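Q: Take this structure first; my questions come after.
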Amino acid sequence: EGYDPIPPGEVLLEEFLEPLGISQNQLARDLDVPVSRIAAIIKGERAITADTALRLGAFFGTSPELWLRLQSTYDLRVAQRTIWPKIKARVRPHTAA
C-alpha cells in the first residue's frame, strides 16, 4: 500500500465531470443539491452519503453502490493507515474453544 487512497471526489471530478464537460454548478443543479455539497465532496472534505450516491447513480446511469463502494473503500484505506496501527494490538481476536 505505497500509494495514497483515492478520494471518491477525485474520481467524480476526473472520471466523470471533466471528461463529460459538466461543471460542479451544473451537477449540483441537476442533482438538486447545494453546490457546496459537490465542492466539498470534490475537495475530499465531505463523504458521499447514501442520498448523494442515489442521486449520482440516477444522473450518471451508474449504480448507487458504485459511489458507496468508492467511499467505503477510501474510508477503510485511510483508517488502515491512520488509526488501525494504534488500535490493532488492543483487539483480542475470537478464538474457537
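According to the numbering used here, the sequence shown holds residues 12 to 108 in order. Beta carbons are placed, not taken as given, at the ideal position from N, Cα and C, and that holds for glycine. Keep in mind it's a predicted model, so treat the numbers as computed, not measured.
1. As an exercise, report each continuous alpha helix (DSSP H) stretch of at least 4 residues that is fully enclosed by the region 23 to 84, in chain order.
2. Kindly give me the distance between the Cβ atoms of proline 19 and tryptophan 78, rounded to whole angstroms, as I take these residues to be in contact under 8 Å.
3. If we count the other Cβ atoms within 10 Å of its Cβ and call it buried at 16 or more, is isoleucine 98 buried or exposed?
4. Tell me whether arginine 92 sits in a helix, a strand or coil according to DSSP, three-state version.
5. Would glutamine 82 pass as a contact of isoleucine 59 if the rule is Cβ separation under 8 Å?
6. For the 8 Å Cβ check, are there 3 or more pairs between the region 101 to 108 and the region 38 to 57?
A: According to the data block:
1. For the region 23 to 84, whole alpha helix (DSSP H) runs of length 4 or above, ordered along the chain, are 35 to 42, 46 to 53, 61 to 71.
2. 7 Å
3. Classification for isoleucine 98: exposed.
4. Three-state DSSP puts arginine 92 in a helix.
5. yes
6. Output reads no: the region 38 to 57 does not touch the region 101 to 108.
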